[in-house]
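From first to last, the protein sequence lines stand for chains A and B.
Here the first sequence is numbered in my numbering, starting from 1 and rising by one per residue.
Here the second sequence is numbered in my numbering, starting from 1001 and rising by one per residue.
Okay, structure first, notes after.
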Amino acid sequence: MKGNEAIAHAVIRYGADGYFGYPITPQSEVLETLEELMPWETTGMVVLQAESEVAAINMVYGGAASGKAVMTSSSSPGISLKQEGISYIAASELPALILNVSRGGPGLGTIQPSQADYFQATKGGGHGDYHLIVLAPSTVQEMVDFVGLGFDLAFKHRTPAMILADGVVGQMMEKVVLPEQKPRRTDEEVRKQCPWACNGRIGGRKRNIISSLELESSRMEVINERLQARYAEIERTETRWEEIGTKDADYLIVAFGSIARIATKAKELAAEKGIKVGIVRPITLWPFPTEAVAKAAEGKKGILVVELNAGQMIQDVRLAVHDKMPVEHFGRLGGIIPSPEEVLNALENKIVNPKSEA
Amino acid sequence: MITEIIIAGFGGQGVLSMGKILAYSGLMDDKEVTWMPSYGPEQRGGTANVTVILSDERISSPVLDKYDIVVALNQQSLDKFAPKVKPGGVLIYDNNGIHTRPDRTDIKIYPIDAMGATLELGNSKAYNMVVMGTLLEAMEYKLPMENVVKGLKKSLPERHHHLIPLNEQAIEKGRTLIH
């Protein structure tokens, strides 16, 4: 099953209440598959093609405000359009799931895979001091698993979560195991889980107000402090990553998403040449696994950060390891995917045998 | 064991669906599989290609630069991918419309007349299954035919299931092209 199709199956099986989207390559199969599966006839989940990306994210805002499990998906240019809504959802402390099957930019760019939205996803793509929980799948199975994980984390922390995928995992087919169908929560369960939700004042409970506007600065500061405390808690408890062969390696490659798999193949090729490489794959891009990278880097001779961009995650890697060892970047731009051989060459030329600069 | 394959040709030749049937057949044979297409405007008549990996173990990169087997169905694909066959690997190409032939001596090369064989079968839509027959025959990893049939069932919509015997026939025909 394709990664995009897998997302559609996973969101239904999670027992989600709604999906609101607008087509854009390379993720249109999400909406197409949902329309084909017609979950409104089985679980009662709403699937709606909105009139634009902006409309879709605001439908998500509304659904989330009523305590519903709702998601949207798009690709880079469409995700840019959604940023205002995402900032509002974060400010309103609402759970939601946003999928970005990212493509090469800037602008309309190309429909081929890219990771150039790392900064946008992890540093706050919209305005204000906020974060999304950002999950980076590297397999079709993780596309499935991160739908459930993303919703769970979003509800647990009342913070929107993003799955930052790329055209490779979106378009690729792999073996997947789908989770069991969960029932959608009843209204009663939603009330219990989300006492903050605006879903009708049954039993004379006090009015819930959800807004991102607070003109009184002293109150707005309190809201910001509450958000920051929550982000600190997420950083402490929700960091996820994978390590492959880091213990007895001389060098590290840090890469996320599909590129981590290309790097893993490069590691296998390097081993044939007697070069010992370990892989650190951040799974949560925010919170970034700073301590894990620092720990894995201990005693290593150098680190290559491989990304489909001009050098974004490398900043977080450098912050993690300070200047204890050389940290170099290798990336391809505009939708080009490097081969494992190219990654190995970059490792050899930039880290293992760097040419001295005359 | 891991088998790394790329199938390349014109959009419309059935390159992607052949890769899909191959991937599903591997899946039915309990292998780990990946199917990574080129996507986008290729679907509308340009060159299309798909990388299929069949493996006993977890597959790392779904994107490759060197292949155990290359199947090239037009000149452009042949030129692009013939140099990317691993030494000792296999190159299969359809003779039709080929003017410049690969001159590598370190790989096995099978030029086939897949279009001719398909026309003998009487259904030009079976073209990609004839090619798949040749590919299955050339592969070191012997995928049992019963699992290929299961793969066909899994990847074809129900309304096309009556065509499975024809597809089997085409695969058997394709197998004979390299003997």
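Note that beta-carbon positions come from the ideal geometry of N, C-alpha and C, so glycine has one too.
{"Check": "For B/P1037, which of B/H1162, B/A1008, B/S1124 and B/E1140 has the nearest alpha-carbon?", "Outcome": "B/A1008"}
{"Check": "What are the partner residues of B/I1069, as DSSP defines its beta bridges?", "Outcome": "B/I1005 and B/V1090"}
{"Check": "Closer than 6 Å by C-beta to B/I1053: which residues in its own chain qualify, once you throw out the five before and the five after it? Chain order, please.", "Outcome": "E1004, T1034 and I1059"}
{"Check": "Just to confirm, are A/A434 and A/L34 a CB contact at a threshold of 8 Å?", "Outcome": "In the structure as shown, chain A starts at 1 and stops at 358, and residue 434 of chain A therefore has no counterpart that could be examined."}
{"Check": "Please tell me whether B/D1094 and B/L1119 are closer than 8 Å, where the distance is taken between their beta carbons.", "Outcome": "no"}
{"Check": "Give me the subset of the segment 171-195 of chain A whose CB atoms are less than 8 Å from a CB atom of chain B, sorted by chain position.", "Outcome": "Q171, M172, M173, E174 and K175"}
{"Check": "Distance, Cα to Cα, A/I209 vs A/A197?", "Outcome": "8 Å"}
{"Check": "Does the CB of A/R261 have a neighbour CB from chain B at under 8 Å?", "Outcome": "yes"}
{"Check": "Using the C-alpha atoms, what's the distance from B/S1155 back to B/K1020?", "Outcome": "7 Å"}
{"Check": "Is B/L1152 close to chain A, meaning its C-beta is less than 8 Å from at least one C-beta of that chain?", "Outcome": "no"}
{"Check": "Taking contact to mean 3 or more Cβ pairs, one atom from each stretch, closer than 8 Å, check whether the segment 264-282 of chain A and the segment 337-351 of chain A are in contact.", "Outcome": "yes"}
{"Check": "Residues of the segment 1080-1094 of chain B in Cβ contact with chain A at a cutoff of 8 Å, in chain order, please.", "Outcome": "none"}
{"Check": "From A/G18 to B/A1048, what does the alpha carbon distance come to, in whole angstroms?", "Outcome": "35 Å"}
{"Check": "Count the other CB atoms, across all protein chains shown, that sit within 10 Å of the CB of B/L1016; report buried if there are 16 or more and exposed otherwise.", "Outcome": "buried"}
{"Check": "To the nearest angstrom, report how far apart A/A165 and A/P23 are at their CA atoms.", "Outcome": "16 Å"}
{"Check": "For A/R226, which residues from the same chain have a beta carbon less than 6 Å from its beta carbon, with the 5 sequence-adjacent residues on both sides left out?", "Outcome": "none"}
{"Check": "Provide the residue(s) that pair with A/A165 in DSSP beta bridges, ordered along the chain.", "Outcome": "A/V101"}
{"Check": "For A/T122, which option in A/Q315, A/P77 and A/E328 has the closest C-alpha, if you only look at C-alpha atoms?", "Outcome": "A/Q315"}
{"Check": "Go ahead and label A/F119 buried or exposed: buried means 16 or more other beta carbons lie within 10 angstroms of its beta carbon, across all protein chains shown.", "Outcome": "exposed"}
{"Check": "Where does A/Q228 fall in DSSP's three states?", "Outcome": "helix"}
{"Check": "Which stretch, first to last residue, makes up the alpha helix (DSSP H) that contains A/Y118?", "Outcome": "Y118 to T122"}
{"Check": "The alpha helix (DSSP H) with A/K265 in it runs from where to where?", "Outcome": "S258 to E272"}
{"Check": "Return the first residue and the last residue of the beta strand (DSSP E) that B/A1048 is part of.", "Outcome": "T1047 to S1055"}
{"Check": "For the alpha helix (DSSP H) that A/K175 lies in, which residues bound it at each end?", "Outcome": "Careful: A/K175 lies outside any alpha helix (DSSP H) and carries neither H nor E."}
{"Check": "Any idea what DSSP makes of B/I1171, helix, strand or coil?", "Outcome": "helix"}
{"Check": "Counting Cβ pairs, one atom from each stretch, are 3 or more of them under 8 Å apart for the segment 90-97 of chain A and the segment 150-168 of chain A?", "Outcome": "yes"}
{"Check": "If I follow the unbroken beta strand (DSSP E) through B/K1108, where does it start and stop?", "Outcome": "K1108 to I1112"}
{"Check": "Given A/E307, which residues of its chain have a CB within under 6 Å of its CB, disregarding the five upstream and five downstream residues?", "Outcome": "Q115, M313 and G331"}
{"Check": "Closer than 7 Å, Cβ to any Cβ of chain A: which residues of the segment 1029-1040 of chain B, in chain order?", "Outcome": "E1032, V1033, T1034, W1035, M1036, P1037, Y1039 and G1040"}
{"Check": "Taking 8 Å as the CB-CB cut-off, is B/P1062 touching chain A?", "Outcome": "yes"}
{"Check": "Which partner residues of A/H329 appear in the DSSP bridge assignment?", "Outcome": "A/V305"}
{"Check": "Helix, strand or coil: which one does DSSP assign to A/K350?", "Outcome": "helix"}
{"Check": "Since A/A55 and A/G21 are thought to touch, with beta carbons under 8 Å apart, how far apart are those beta carbons, to the nearest angstrom?", "Outcome": "Wrong, their Cβ atoms sit about 10 Å apart, outside the cutoff."}
{"Check": "Which one of B/P1087, B/L1121, B/V1090 and B/S1077 has the shortest CA to CA distance from B/V1050?", "Outcome": "B/S1077"}
{"Check": "When DSSP labels each residue in this structure, what does A/R13 get in the three-state scheme?", "Outcome": "helix"}
{"Check": "Pick helix, strand or coil for B/E1140, following the three-state DSSP scheme.", "Outcome": "coil"}
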